[in-house]
Structures are given as C-alpha cells and as structure tokens.
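Line by line, the protein sequences are chains Y and L. Counted the way the numbering used here counts, the first sequence spans residues 482 to 772. Counted the way the numbering used here counts, the second sequence spans residues 51 to 130. Think of the CB as a built atom: it goes at the ideal place given N, C-alpha and C, for glycine as much as any other residue.
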Amino acid sequence: MGARGHPHFHFLLSLGVLVCLKVAAGSLPLASPSRLPLQKKNFELGQPVPVSPEFEGYDNEGKPIYWDPRPRVVPLGRGRYAFKWFGRKGRELTLIYERPDAVDVIVEASVATSTPRSISYLYKVRVMDTSGVPLIGFVVQTFSPKVKPVTNSTTFAGKMAGFIREFSDGNWIRFAPFGGRNELPPGRQADFALVSPDLPGLVACRVHGGSFMVEGVGEEPPTALENLYLGHDAWPHGYTIGPDERLAKMSLAARLKYLVERLPQMLQLGWIENQKVMQWYGTNLKAGKVA
Amino acid sequence: MPYNDISLPWGGKFDGNAHNWTGGHSEHKVGRNCDVNVCESPWNQTRKDSLAQHFYDTGAHNPYLNECPDPAKHTWHVTW
Numbered sequence: 482m483g484a485r486g487h488p489h490f491h492f493l494l495s496l497g498v499l500v501c502l503k504v505a506a507g508s509l510p511l512a513s514p515s516r517l518p519l520q521k522k523n524f525e526l527g528q529p530v531p532v533s534p535e536f537e538g539y540d541n542e543g544k545p546i547y548w549d550p551r552p553r554v555v556p557l558g559r560g561r562y563a564f565k566w567f568g569r570k571g572r573e574l575t576l577i578y579e580r581p582d583a584v585d586v587i588v589e590a591s592v593a594t595s596t597p598r599s600i601s602y603l604y605k606v607r608v609m610d611t612s613g614v615p616l617i618g619f620v621v622q623t624f625s626p627k628v629k630p631v632t633n634s635t636t637f638a639g640k641m642a643g644f645i646r647e648f649s650d651g652n653w654i655r656f657a658p659f660g661g662r663n664e665l666p667p668g669r670q671a672d673f674a675l676v677s678p679d680l681p682g683l684v685a686c687r688v689h690g691g692s693f694m695v696e697g698v699g700e701e702p703p704t705a706l707e708n709l710y711l712g713h714d715a716w717p718h719g720y721t722i723g724p725d726e727r728l729a730k731m732s733l734a735a736r737l738k739y740l741v742e743r744l745p746q747m748l749q750l751g752w753i754e755n756q757k758v759m760q761w762y763g764t765n766l767k768a769g770k771v772a
Numbered sequence: 051m052p053y054n055d056i057s058l059p060w061g062g063k064f065d066g067n068a069h070n071w072t073g074g075h076s077e078h079k080v081g082r083n084c085d086v087n088v089c090e091s092p093w094n095q096t097r098k099d100s101l102a103q104h105f106y107d108t109g110a111h112n113p114y115l116n117e118c119p120d121p122a123k124h125t126w127h128v129t130w
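What follows is the structure in structure tokens.
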C-alpha cells in the first residue's frame, strides 16, 4: 500500500498543509510562515535569601557547628552570573551560573512518510544570534508510546522523567548535542529526528541552555545559591508537531474538529499568516474539504 | 556507581550510620541533593557526558563536577 492508500493519508496531508502552508489555496494569497522564537517567562534571579549560618552538624561535645557562606550573586550579563560564597576554609569561591532560558530558539518541524506505518519527524532547532548562552537540550512532547529517536555519535536522546510536572503529560523525548562541549552555540542549527507510526498532532516543546556541567571548585555551593537555580518552568516553551496516537482513533469529523479548534493557536504561533487565512481554513475544514 | 550523602525526601540528612547527623554536606538537607561517585567506573569523556545527560533527563539542574587529580575521587554533586 502506498502512502496515498494509507487510511490516514488525508488527515496527515491536511495537517501538513496547515503547518507548512504550502497548499494551492485558490485565490488566497499565502506568504511564508513566520515562526516565532520559543516563549519565556523571564523569572527574576535576585540575590540569595540568607539561609546562613548553615547548620553543619554537631561537634564531639554535642555543640552545633555552623557555617556562614555569605553567598552573593554578581550579574555578568547575557544570562550569566557569578555565584560567590565563602567556603568552609574561609576562601571565597566562585562558580559561573548560566540561565537555562538565556537561549533564543526557533524550531521548525516537518514530517515525511517513508512507509505507511513509519512517519519521520524532523526538527530543525536554530539557536539565534541573540542568545546569551548555548543550547544544551531540546525536548518535544509526544502522545505516543511508539517513538524511536534517531541518535548518532553527535546526538543524545533520552526520555524526560514523567514525575517532573512540566513533562508529566505525554511522553517527552529530550535531544541534546553530544560529544565535545555538548552544546550548540548561538548562530548554529541542529537537526533532531524521531520515527513513529503515529500521526502528527500539535504538541509542546521546550529547550534549555547554559552550562552543560558546572566545573567544581572543590566545595559544593551553599543551599542559598542552589535555591536560585531556575526550574523547568523557566525553560523556553513553544509548540510544534509530534506523534499523537489519539488521532488514529478519531473519526474524520473528530479530526477536522481537532484542527479547527487549534486554528487560533496556530495563528498566534505565526503558522497561519492572518485572521483571513485562518477563517479560510476554518470554513473549508468545517465543510470537510481536506484534499 | 555509588550514590551517597543523599538527603531525605522531605529534607534532612540521611544518617544511616548513626553519626548523630554530624559531618559536612549541610547543603544535603533540603530533599533534593545527592553525590554520585565515579570511583568504581572507568572514567572517560563519553561516560561522563552520558551520565550528565541522564541527570538532565531525570530533572537535575546544573550538574556540578569536582574533578580531582585522582579520578577515583571525582564526585558529582547533583541538585534536583
């Protein structure tokens, strides 16, 4: 059976049409889609809240031992900070912290069917020149248990733990540059790919940047500084396409409804040029004109 | 691969050896820190990179590596 004979071909085609805007739309003028950088919440990173003097334990006589690290933060610009504290031997120590959200990224996705039951998802992840730090990971949401990331000597792929709130819905795959410095600097692009039998739906994605690992200074940083590490909710967030097993179980009408409901979001994301184009899609999809 | 100085899930030191909660690692008391030693593993760049990647997959922030002249004393300090 060729791709056109595949029962889901028309739906796959219709979503591809919406995402790529490459349909011959009669007299409707279409421009190239304008993808937006992933969005940020811009959490503030201020000075550490003193936890000091930190309780270290008890001496042999049962007296409490305290340690006052006197932590402070010195902003270095472009998402980098010097975390400073006084170590247990009284020496001032410094580690460089890089915000995970100081990376500006545009994600461009495409799908291709190599066989009727194998859909390839390709993600072009571009780190914009405006980024203050390199990219160290790209995470894409799927709603499919049958996902096979494509890895090689320069690409790592793993599964994000579902107990993390931001990655609890679906099956999130994390891709990362691997080897060398394990990072993708500003101005560079990486291609990540996965294969799944499931159809493309609208899914979320996140990226994180900064130092792949922190070079230690002999002592571990105090709690007051570790409390400043930004969480996963700070990772830049956006939408793309990814495999969704739920689509195969839907009727054609339900799939069209799925698309129509997401048109405003696609407009907001810049995947659809303007309100007029969105209305054109809405009218045609509601009328069942999908190919 | 040894994991040590892990803090209790809701905070506090894991004092399995009944040392009356003495000793260092005061930062290991908020329920999200652990040290990972590499002394029983062959130490090479690929293994190091792979381990750090898996830390991220499980939700770690800023994997912090103290490397020593003696590879048997390399230690990760990981914050989740």
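Item, Value
"Find the residues of chain L that neighbour valine 695 of chain Y, judging by a C-beta separation of less than 8 Å, and give them in chain order.", "Asn112, Pro113, Tyr114, Leu115"
"Drop a sphere of 10 angstroms on the beta-carbon of glutamine 528 of chain Y, count the other beta-carbons inside from all chains shown, and report buried for 16 or more, exposed for fewer.", "exposed"
"Quick check on the burial criterion: 16 or more other C-beta atoms within 10 angstroms. Buried or exposed for aspartate 714 of chain Y?", "exposed"
"Tell me which residue opens and which closes the beta strand (DSSP E) that histidine 127 of chain L is part of.", "125-129"
"Runs of 3 residues minimum, wholly inside the stretch 652-738 of chain Y: which ones carry the beta strand (DSSP E) assignment?", "652-658, 670-677, 681-690, 718-724"
"Count the other C-beta atoms from every protein chain shown that fall within 10 angstroms of the C-beta of glycine 507 of chain Y, then say buried if there are 16 or more, exposed otherwise.", "With a pLDDT of only 46 at glycine 507 of chain Y, under the threshold of 50, the placement of this residue in the model should not be trusted; the figure read from the coordinates follows. Under this definition glycine 507 of chain Y is an exposed residue."
"Can you grab the Cα-Cα spacing for the pair glutamine 760 of chain Y / isoleucine 722 of chain Y, in whole Å?", "21 Å"
"Anyone know if the C-beta pair for leucine 115 of chain L and glycine 613 of chain Y falls short of 8 Å?", "no"
"Using a Cβ-Cβ distance under 8 Å, would arginine 559 of chain Y count as near chain L?", "no"
"Run down chain Y in chain order and give the residues with a C-beta less than 8 Å from the C-beta of aspartate 120 of chain L.", "Within chain Y, no residue comes near aspartate 120 of chain L; the closest Cβ sits about 14 Å away, beyond 8 Å."
"Can alanine 590 of chain Y and tyrosine 578 of chain Y be called in contact, C-beta distance under 8 Å?", "no"
"Going along chain L, which residues have a C-beta under 8 Å from alanine 657 of chain Y?", "Gln103, Tyr106"
"Since phenylalanine 624 of chain Y and alanine 638 of chain Y should fall inside the 8 Å C-beta cutoff, what is the C-beta to C-beta distance between them, to a whole number of angstroms?", "No, phenylalanine 624 of chain Y and alanine 638 of chain Y are not in contact; Cβ-Cβ is about 18 Å, not under 8 Å."
"Tell me whether the beta-carbon of phenylalanine 693 of chain Y lies closer than 8 Å to the beta-carbon of asparagine 663 of chain Y.", "yes"
"On the criterion of 16 or more Cβ atoms from any shown chain inside 10 Å, does lysine 767 of chain Y qualify as buried, or is it exposed?", "exposed"
"For aspartate 99 of chain L, does the three-state DSSP call read helix, strand or coil?", "helix"
"Thinking just about the alpha-carbon of each residue, which of L:Val86, L:Val88, L:Gln103 is nearest to the one in threonine 635 of chain Y?", "L:Gln103"
"When you compare each of Y:Phe567, Y:Ile654, Y:Trp752 to lysine 640 of chain Y by their alpha carbons, which one comes out closest?", "Y:Ile654"
"Is isoleucine 645 of chain Y close to chain L, meaning its C-beta is less than 8 Å from at least one C-beta of that chain?", "yes"
"Closer than 7 Å by C-beta to glycine 538 of chain Y: which residues in its own chain qualify, once you throw out the five before and the five after it? Chain order, please.", "Ile546"
"So, are the CB atoms of proline 121 of chain L and tryptophan 93 of chain L less than 8 Å apart?", "yes"
"Distance, Cα to Cα, glutamine 95 of chain L vs lysine 757 of chain Y?", "54 Å"
"So who's on the other strand from isoleucine 546 of chain Y, going by DSSP bridges?", "Y:Gly538"
"For the beta strand (DSSP E) containing asparagine 112 of chain L, name the first residue and the last one.", "111-116"
"Compare the C-alpha of proline 552 of chain Y against each of Y:Ala705, Y:Leu526, Y:Gln746 and name the closest.", "Y:Ala705"
"Threonine 594 of chain Y to isoleucine 600 of chain Y, Cα distance in whole Å?", "5 Å"
"Counting only C-beta atoms, is glycine 618 of chain Y closer than 8 Å to chain L at any point?", "yes"
"Under the three-state reduction of DSSP, which class applies to glycine 742 of chain Y: helix, strand or coil?", "The question names glycine, but residue 742 of chain Y is glutamate in the sequence shown. Helix at glutamate 742 of chain Y."
"So is glutamate 707 of chain Y buried or exposed if we call it buried at 16+ other beta carbons inside 10 Å?", "buried"
"With DSSP collapsed to three states, give me the class of threonine 764 of chain Y.", "helix"
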